[in-house]
Amino acid sequence: AQSVTQPDIHITVSEGASLELRCNYSYGATPYLFWYVQSPGQGLQLLLKYFSGDTLVQGIKGFEAEFKRSQSSFNLRKPSVHWSDAAEYFCAVVPIYSSASKIIFGSGTRLSIRP
Amino acid sequence: DAGVIQSPRHEVTEMGQEVTLRCKPISGHDYLFWYRQTMMRGLELLIYFNNNVPIDDSGMPEDRFSAKMPNASFSTLKIQPSEPRDSAVYFCASSSAQGVTESNQPQHFGDGTRLSIL
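Here you go:
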């Protein structure tokens, strides 16, 4: 079955430290890949997306993600986190050339920042 | 630019009452999505529209749920009668179709309606 896995439910990092949030997918072919962030009391905001081409994707707020086909992964990274990065992060996939209704969100990773 | 606007932001009502959630998508977007978010089930797609027409409502949990999109700038999600298990945050999102497929277009989310059914 098609699935998206975010293995880390909750991560705490110190302000200024580097961050990596994991996302693995299970599909027959490479899907479209997205990372969204949800701040408390708000909706989801797109951080970045991958369709094809360069496997290292740059997003907003200093985030980047790397697509690794061999590992079926699309991990989100940031070299130095800020207290304002505390939020919930969702990986999402859509099978290529499918209906938009086929989007599947991961269960999310909650990021806390230690002062 | 104005984003997706949802109202109300919070709704508290007693079970059995009718609840109507409202959404104004981003102007020019031709896809509109309704989601429900709970701790137990995460983010679930309920229904989506393309050019005001419902395309896939397979995620609508029961007949008590209905959604309409009378025009390109307005949609409603109605629950009648409401039950405590309907308590959740309901999100509306919109996107535009550019190119071959709409599935590669990111969705823009509203801030949600937090619904509590007592």
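Each protein sequence line maps, in turn, to chains A and X.
Its first residue numbered 15, the first sequence is counted upward by one per residue in the numbering used here.
Its first residue numbered 1412, the second sequence is counted upward by one per residue in the numbering used here.
The C-beta atom is built at its ideal place from N, Cα and C for all residues, glycine as well.
| query | How many Å lie between G1510 (chain X) and Y1442 (chain X) at the Cα? | reply | Counting from one through the second sequence, the residue named residue 1510 (chain X) turns up at place 99. Counting from one through the second sequence, the residue named residue 1442 (chain X) turns up at place 31. Unreliable positioning characterises G1510 (chain X) in this predicted model, as indicated by a pLDDT of 46, which lies under 50. The coordinate reading is nonetheless provided below. Near 14 Å, if we compare the C-alpha coordinates of Y1442 (chain X) and G1510 (chain X).
| field | Selection from A:W49, A:Q85, A:G67 and A:Q56 that minimises the alpha carbon distance to F77 (chain A) | value | Your numbering for residue 77 (chain A) matches position 63 in the first sequence. Selected option, being the one with the closest Cα: A:W49.
| message | For the stretch 30-38 of chain A against the stretch 1492-1499 of chain X, do three or more pairs of beta-carbon atoms, one drawn from each stretch, fall closer than 8 Å, so that the two count as touching? | response | No: fewer than three Cβ pairs fall under 8 Å.
| said: Distance cutoff 8 Å, beta carbons only. Does D22 (chain A) sit that close to anything in chain X? | reply: Translated into the one-based positions of the first sequence, residue 22 (chain A) becomes position 8. Among the CB atoms of chain X, none fall inside 8 Å of the CB of D22 (chain A).
| So, is Q16 (chain A) buried or exposed, given that buried needs 16 or more other C-beta atoms within 10 angstroms? | Sequence index remark: in the first sequence, residue 16 (chain A) carries index 2 (1-based). Under this definition Q16 (chain A) is an exposed residue.
| request: State the start and end residues of the unbroken beta strand (DSSP E) segment that holds A100 (chain A). | output: Position 86 of the first sequence holds residue 100 (chain A). Counting along the chain, no beta strand (DSSP E) covers A100 (chain A), and no H or E run does either.
| query | Are the C-beta atoms of S121 (chain A) and some chain X residue less than 8 Å apart? | reply | Position 107 of the first sequence, counting from 1, holds the residue named residue 121 (chain A). Judged by the 8 Å Cβ criterion, S121 (chain A) is in contact with chain X.
| query | Taking the DSSP output, what are the residues bridged to S1477 (chain X)? | reply | Against the second sequence, residue 1477 (chain X) aligns to sequence position 66. DSSP, once it has assigned bridges, lists X:K1489 as partnering S1477 (chain X).
| request: Would you list the one or two residues that DSSP bridges to V1423 (chain X)? | output: Counted from its first residue, the second sequence places residue 1423 (chain X) at position 12. Beta-bridge pairing links V1423 (chain X) to X:S1527.
| Secondary structure at W59 (chain A), three-state DSSP: helix, strand or coil? | Position 45 of the first sequence, counting from 1, holds the residue named residue 59 (chain A). Before going further, note that residue 59 (chain A) is Gln rather than Trp in the sequence given. Strand, per DSSP.
| field | Own chain, CB closer than 6 Å to F81 (chain A), minus 5 neighbours either side, in chain order | value | One-based indexing of the first sequence puts residue 81 (chain A) at position 67. Within the same chain, Cβ atoms closer than 6 Å to the Cβ of F81 (chain A) are found at Y64, T69 and F88, the five residues on either side in sequence being excluded.
| Using 8 Å as the Cβ pair cut-off and three pairs as the minimum, do the stretch 84-98 of chain A and the stretch 1423-1435 of chain X touch? | No, the stretch 84-98 of chain A does not touch the stretch 1423-1435 of chain X.
| query | By how many angstroms is the C-alpha of M1451 (chain X) removed from the C-alpha of A1499 (chain X)? | reply | Here residue 1499 (chain X) refers to the residue found at position 88 when the second sequence is read from its first residue. Here residue 1451 (chain X) refers to the residue found at position 40 when the second sequence is read from its first residue. Each residue's alpha carbon lies about 10 Å from the other.
| Can a CB atom of chain C be found closer than 8 Å to the CB of G1521 (chain X)? | This model lacks chain C altogether; the protein chains it does include are A and X.
| field | Same chain only: Cβ atoms within 8 Å of V71 (chain A), ignoring 5 sequence neighbours per side | value | Position 57 of the first sequence holds residue 71 (chain A). Closer than 8 Å at Cβ, skipping near neighbours: L62, K63, Y64, E78, A79, E80 and F81.
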